[in-house]
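Residue numbers (the working numbering): 15 to 470. In this text, a Cβ means the ideal position worked out from N, Cα and C, and glycines have one as well. Report on the structure given below.
See below:
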């Protein structure tokens, strides 16, 4: 027998189909967004939580880095945040999310924004923004003012650039990096963000499901760091003995690493939950999925390390079979789970969230071993292995576990498509993003080498 629950009197349904001109919205925005107070409050809180993640990055990166890079990794993400905030204010949001003009569209796809009114936030006061409906001209549910969306997406841009800053430490001086990040946000991040989230975006129109930035944030930043790792360091490190090289791999500060991971974990609830664009059940589901994936990833990270230690000790010292695993493996597993659930948090039922954490922890562990040993030895922060690898894992798993009916909403994809076909959509999106970034970053390194002395 089904359970029966009793609620209080049901309030009258609000008028959801009120029309208004933009002039009327600007003159009295409080009349049209009065019912969205909780949504606005949640989005503002989520934006602050995303900013908290940047502080977590500073501590996490400085904790796992070499002692020589600690100061750089503490300050560079914050400097990058300030620079990207200015870029977002001046032209970044306009390129990524403003309405497209005829000259910026091709085949129905909008590659970048063309509305100059969004530059310097001139005209982003009260235009409504909400979850996109089945066509490009409709939105579902309550809407938030555009200025709230500008603030939230600006934090995403700052966080993504801060991830890239971790891979740039030691590769170029601050002046040259700020020039690079200006061009990178303009030519790489803004188009990819538009592909992912704008209703006329390339991957959005093709059905790629990315709830909170698996491609636009994690694959994008990880691929950029991988390209950076192929560039020679600004100052080649001195020759070291094997013992010195082994000691250089140890975390500089366990305390910084653990506190940074905790701040990232806390901020990720705003990162994923805020992508629901309101205080609704989808946001709750995204937050719960985030927590579940992080716990599963951290646990698997510990078990993998414990298993590796146990195998090493079998032949050497049986008394050390139950040696305590490193807390670094736990932190890496937590972050891998958080990254993997990012594209799926609002599309996948919570019961499947642990799968993302488990698979991502295993995949990222394997990628760390492969890339740190053979391919990307310069990426000592493992940004590519954890963020690009975890983001790609989450994107592919989303195609298999996403449900079309979730918390009263439908995904904007064709229900007749098979899971295999759906899996090719995020794969094509990620490959395109990776090739675009790799080519651009490598060309930047070649073309600006002659001007390095002037810039620095």
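Contact defined as beta carbons within less than 8 Å: I believe residue i pairs with residue j. What is the distance between those atoms, to the nearest angstrom?
{"i": "residue 87", "j": "residue 183", "result": "5 Å"}
{"i": "residue 239", "j": "residue 178", "result": "6 Å"}
{"i": "residue 226", "j": "residue 289", "result": "4 Å"}
{"i": "residue 63", "j": "residue 280", "result": "7 Å"}
{"i": "residue 222", "j": "residue 307", "result": "The pair is not a contact, with the Cβ atoms about 20 Å apart (cut-off 8 Å)."}
{"i": "residue 104", "j": "residue 68", "result": "Not confirmed; about 20 Å, so no contact."}
{"i": "residue 102", "j": "residue 180", "result": "Not really, about 20 Å apart at Cβ, beyond 8 Å."}
{"i": "residue 175", "j": "residue 195", "result": "6 Å"}
{"i": "residue 311", "j": "residue 350", "result": "5 Å"}
{"i": "residue 352", "j": "residue 278", "result": "7 Å"}
{"i": "residue 76", "j": "residue 203", "result": "Residue 76 to residue 203, Cβ: 24 Å. No contact."}
{"i": "residue 199", "j": "residue 107", "result": "With a Cβ gap of about 11 Å, residue 199 and residue 107 do not count as contacting."}
{"i": "residue 50", "j": "residue 166", "result": "At roughly 14 Å, the Cβ-Cβ gap does not stay under 8 Å, so residue 50 and residue 166 are not in contact."}
{"i": "residue 371", "j": "residue 314", "result": "7 Å"}
{"i": "residue 411", "j": "residue 373", "result": "6 Å"}
Quick one: what's residue i bridged to in DSSP?
{"i": "residue 159", "result": "142"}
When you compare the CB of residue i with every CB in chain D, is at least one pair closer than 8 Å?
{"i": "residue 167", "result": "This model lacks chain D altogether, as it is built from one protein chain only."}
Can you look up residue i in the DSSP assignment and give me helix, strand or coil?
{"i": "residue 231", "result": "helix"}
{"i": "residue 175", "result": "helix"}
{"i": "residue 185", "result": "coil"}
{"i": "residue 222", "result": "coil"}
{"i": "residue 208", "result": "helix"}
{"i": "residue 53", "result": "helix"}
{"i": "residue 417", "result": "coil"}
{"i": "residue 360", "result": "coil"}
{"i": "residue 47", "result": "coil"}
{"i": "residue 170", "result": "helix"}
{"i": "residue 294", "result": "coil"}
{"i": "residue 81", "result": "helix"}
{"i": "residue 396", "result": "coil"}
{"i": "residue 412", "result": "helix"}
{"i": "residue 312", "result": "helix"}
{"i": "residue 127", "result": "coil"}
{"i": "residue 35", "result": "coil"}
{"i": "residue 258", "result": "Summary for residue 258: the model assigns pLDDT 48, below 50, so the residue's position carries little reliability; its value from the coordinates is reported in the next sentence. Of the three classes helix, strand and coil, the one that applies to residue 258 here is helix, per DSSP."}
{"i": "residue 214", "result": "coil"}
{"i": "residue 136", "result": "coil"}
{"i": "residue 4", "result": "A question about residue 4 goes unanswered here, because the residues of the chain that appear run from 15 up to 470."}
Going straight from the alpha carbon of residue i to that of residue j, what length do you get?
{"i": "residue 229", "j": "residue 235", "result": "9 Å"}
{"i": "residue 405", "j": "residue 41", "result": "42 Å"}
{"i": "residue 437", "j": "residue 44", "result": "Because residue 437 sits at a pLDDT of 42, beneath the cut-off of 50, its placement in the model cannot be relied upon, and the point is left open."}
{"i": "residue 37", "j": "residue 139", "result": "11 Å"}
{"i": "residue 309", "j": "residue 283", "result": "13 Å"}
{"i": "residue 275", "j": "residue 74", "result": "6 Å"}
{"i": "residue 35", "j": "residue 143", "result": "15 Å"}
{"i": "residue 81", "j": "residue 270", "result": "12 Å"}
{"i": "residue 224", "j": "residue 409", "result": "7 Å"}
{"i": "residue 382", "j": "residue 241", "result": "16 Å"}
{"i": "residue 56", "j": "residue 322", "result": "43 Å"}
{"i": "residue 340", "j": "residue 414", "result": "33 Å"}
{"i": "residue 386", "j": "residue 343", "result": "15 Å"}
{"i": "residue 318", "j": "residue 376", "result": "8 Å"}
{"i": "residue 151", "j": "residue 294", "result": "In this predicted model, residue 151 has a pLDDT of only 48, less than 50, meaning its place in the structure is not dependable; the value taken from the coordinates is given anyway. Cα to Cα, residue 151 sits roughly 22 Å from residue 294."}
{"i": "residue 232", "j": "residue 207", "result": "11 Å"}
{"i": "residue 1", "j": "residue 162", "result": "Residue 1 is absent from the model: the chain starts at 15 and stops at 470."}
{"i": "residue 360", "j": "residue 91", "result": "28 Å"}
{"i": "residue 185", "j": "residue 193", "result": "13 Å"}
{"i": "residue 135", "j": "residue 160", "result": "10 Å"}
{"i": "residue 292", "j": "residue 158", "result": "8 Å"}
{"i": "residue 429", "j": "residue 394", "result": "Per-residue confidence for residue 429 stands at a pLDDT of 44, beneath the threshold of 50, marking its modelled position as unreliable; no derived number is given."}
{"i": "residue 399", "j": "residue 78", "result": "15 Å"}
{"i": "residue 380", "j": "residue 363", "result": "27 Å"}
{"i": "residue 109", "j": "residue 89", "result": "28 Å"}
Hey, quick one: how far does the alpha helix (DSSP H) through residue i stretch, first residue to last?
{"i": "residue 271", "result": "268–287"}
{"i": "residue 385", "result": "Taken as a continuous stretch (DSSP letters only), residue 385 belongs to no alpha helix (DSSP H), as it is neither H nor E."}
{"i": "residue 342", "result": "341–355"}
{"i": "residue 98", "result": "84–101"}
{"i": "residue 110", "result": "107–111"}
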